[in-house]
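Before any comments, here is the structure.
Protein chains: 2
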Amino acid sequence: MDKTDISKAQTRVKDDAEPVLLGELENYVGFHLRLAQSASFKAFRRLTGESSLRPGWFAVLAIIHHNPGITPMALSRASGRDKSTITPVLRELLHEELVRRSTNPADKRSYALFLTPAGEEKLAHLAACAAEHDRELDEIVGDKKQEMIRLLRRIVAVLD
Amino acid sequence: MDKTDISKAQTRVKDDAEPVLLGELENYVGFHLRLAQSASFKAFRRLTGESSLRPGWFAVLAIIHHNPGITPMALSRASGRDKSTITPVLRELLHEELVRRSTNPADKRSYALFLTPAGEEKLAHLAACAAEHDRELDEIVGDKKQEMIRLLRRIVAVLD
DNA sequence: TCAAACTGGTTTGATACAAAACTACATTGA
DNA sequence: TCAATGTAGTTTTGTATCAAACCAGTTTGA
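Set out below in structure tokens:
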């Protein structure tokens with residue numbers, strides 16, 4: 203409790219000019235992780251502008267590019283999204299003809315994913331935005347970047 | 203492109219056993235930020251179990267606790283959520299009588315927020331979970347914690 | 001002093017996401 | 001060999017979130 207005058211504290215509006223106290227939140231990694239992720243995401247979207255890119259697209263296209271023939275399940279794991287989240291993203295990408303799939307004779311449940319030439323082109327554009335965005339982040343974290351990525355990766359490895 | 207045999211590469215399924223290549227994503231802070239935030243969030247929910255807590259609740263309750271009389275707008279800024287996201291959270295908290303509000307005579311558009319005794323109790327429970335969760339994170343980041351938080355805060359300050 | 005611009009909060013609409021239930025196929029083991 | 005179990009992908013359902021439009025009250029400046 204931060205007010206001593208209890209009778210008044212019950213109704214008095216906190217002055218907007220006073221700084222907001224975060225208490226224990228101040229020292230919680232999880233809290234700052236959420237704020238930073240949200241800020242980074244918004245900044246990325248600002249950069250790409252209106253240019254028709256759902257936020258999931260970039261990672262998905264990049265992963266397919268680097269792993270031609272990857273299955274939706276493997277893609278889901280690599281991109282850190284649930285398989286049920288990947289389904290509509292792929293439907294959209296297939297519909298836009300940015301991605302192509304071929305059935306897997308060895309396992310009829312599954313299929314293999316590839317980028318079309320249009321998909322490669324789209325990826326190139328998004329990659330330029332992503333590179334620019336990451337340059338901003340690089341400037342912020344400076345020479346601590348590798349350390350930062352190492353720690354983030356550890357969080358994922360241990361908690362996930 | 204990672205396959206040289208083009209004619210086959212067009213349809214061959216990538217073996218699930220092969221490691222997935224992330225390419226440039228590997229070195230993007232933003233990408234790992236998202237994965238880590240998602241992992242941390244899931245871990246927190248695992249800890250709190252079914253116990254009826256919308257994820258927004260903890261931060262909101264804690265901030266009101268530390269800033270009695272805070273307005274919804276200031277709360278929205280401090281918690282990093284849009285004002286339109288705060289509205290339904292507050293409606294729920296008011297309905298559950300965990301939060302109480304009093305009108306602001308100086309500005310009739312706004313009002314002041316306070317925790318009820320039940321709200322304080324609820325917060326105490328959630329705080330215990332959060333503390334436990336953060337202990338896990340502490341172990342992962344070790345002595346780099348302050349550095350980590352400093353960097354995350356910088357990302358928010360610069361990009362937001 | 002009062003119209004214009006601004007601000008706090010709510011509503012509405014759209015999107016992203018996960019969890020669980022489901023379908024179709026595949027693997028296992030008695 | 002075939003029933004039980006497991007796995008890939010989809011559908012359904014529920015929630016969190018933001019943005020934009022909106023309303024009411026406040027501030028500004030001519």
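In the order they appear, the protein sequences are chains P and R.
Residue numbers for the first sequence follow our numbering, so the first one is 203 and each next one is one higher.
Residue numbers for the second sequence follow our numbering, so the first one is 203 and each next one is one higher.
Glycine is no exception: its CB is placed at the ideal position from the N, C-alpha and C atoms.
Bear in mind the structure is a predicted one, so any value in this text is a computation, not a measurement.
Pull up the distance between the alpha-carbon of residue i and that of residue j, whole angstroms please.
| i | j | result |
| --- | --- | --- |
| Asp204/P | Asp336/P | With a pLDDT of 45 at Asp204/P, under the threshold of 50, the modelled position of this residue cannot be trusted, and the question is left open. |
| Ser304/R | Leu296/R | 12 Å |
| Leu249/P | Phe233/R | 16 Å |
| Val301/R | Arg293/R | 9 Å |
| Ala326/R | Phe260/R | 10 Å |
| Asp207/P | Pro270/R | At Asp207/P, the pLDDT of 44 sits below 50, so the modelled position is not reliable; the number obtained from the coordinates is stated separately. Distance between the alpha carbons of Asp207/P and Pro270/R is about 12 Å. |
| Ala314/R | Gly321/R | 15 Å |
| Pro274/R | Phe246/R | 25 Å |
| Lys216/P | Leu361/P | 38 Å |
| Leu340/R | Ile357/R | According to the sequence provided, residue 340/R is Asp. The question's Leu does not apply to it. So the two alpha carbons sit approximately 20 Å from each other. |
| Leu227/R | Val291/P | 19 Å |
| Ala276/R | Leu317/P | 45 Å |
| Phe243/P | Asn306/R | 35 Å |
| Lys347/R | Asp218/P | 30 Å |
| Ile351/R | Val231/P | 6 Å |
| Leu237/R | Leu235/P | 10 Å |
| Val221/P | Glu299/P | For the record, residue 221/P in the displayed sequence is Pro; it is not Val. Roughly 51 Å separates the two Cα atoms. |
| Val262/R | Ser281/R | 7 Å |
| Ser312/R | Leu328/R | 28 Å |
| Ser240/P | Leu223/R | 25 Å |
| Ala308/R | Ile272/R | 14 Å |
| Asp345/R | Leu353/R | 14 Å |
| Pro257/P | Arg355/P | 21 Å |
| Ser278/R | Ile265/R | 10 Å |
Please confirm whether residue i has its beta-carbon closer than 7 Å to some beta-carbon of chain R.
| i | result |
| --- | --- |
| Leu361/P | yes |
| Lys285/P | no |
| Leu235/P | yes |
| Arg356/P | yes |
| Lys310/P | no |
| Gly271/P | yes |
| Leu353/P | yes |
| Ala320/P | no |
So is residue i in contact with chain P if we call contact Cβ pairs under 7 Å?
| i | result |
| --- | --- |
| Val291/R | no |
| Leu325/R | no |
| Ala280/R | yes |
| His268/R | yes |
| Arg303/R | no |
| Gln276/R | Per the sequence presented here, residue 276/R reads as Ala, with Gln not at that position. Yes, Ala276/R lies at the interface with chain P (some Cβ there is under 7 Å from its Cβ). |
| Val215/R | yes |
| Ala219/R | no |
Q: Write down every uninterrupted run of the alpha helix (DSSP H) in the segment 308-347 of chain R whose length is 4 residues or greater and which is fully enclosed by it, in chain order.
A: 319-343
Q. Three or more beta-carbon pairs under 8 Å between the segment 328-347 of chain R and the segment 283-291 of chain R, yes or no?
A. no
Q: Check distances from the C-beta atoms of the segment 221-247 of chain P to those of chain R and list, in chain order, the residues that come in under 8 Å.
A: Val222, Leu223, Leu224, Gly225, Glu226, Leu227, Asn229, Tyr230, Val231, Gly232, Phe233, His234, Leu235, Arg236, Leu237, Ala238, Gln239, Ser240, Ala241, Ser242, Phe243, Lys244, Ala245, Phe246
Q: Identify each residue in the segment 325-350 of chain P for which the Cβ-Cβ distance to at least one residue of chain R is less than 9 Å, and report them in chain order.
A: Ala329, Ala332, Ala333, His335, Asp336, Glu338, Leu339, Asp340, Glu341, Ile342, Val343, Gly344, Lys346, Lys347, Gln348, Glu349, Met350
Q. In chain order, which beta strand (DSSP E) runs of at least 3 residues are fully inside the segment 265-315 of chain R?
A. 301-305
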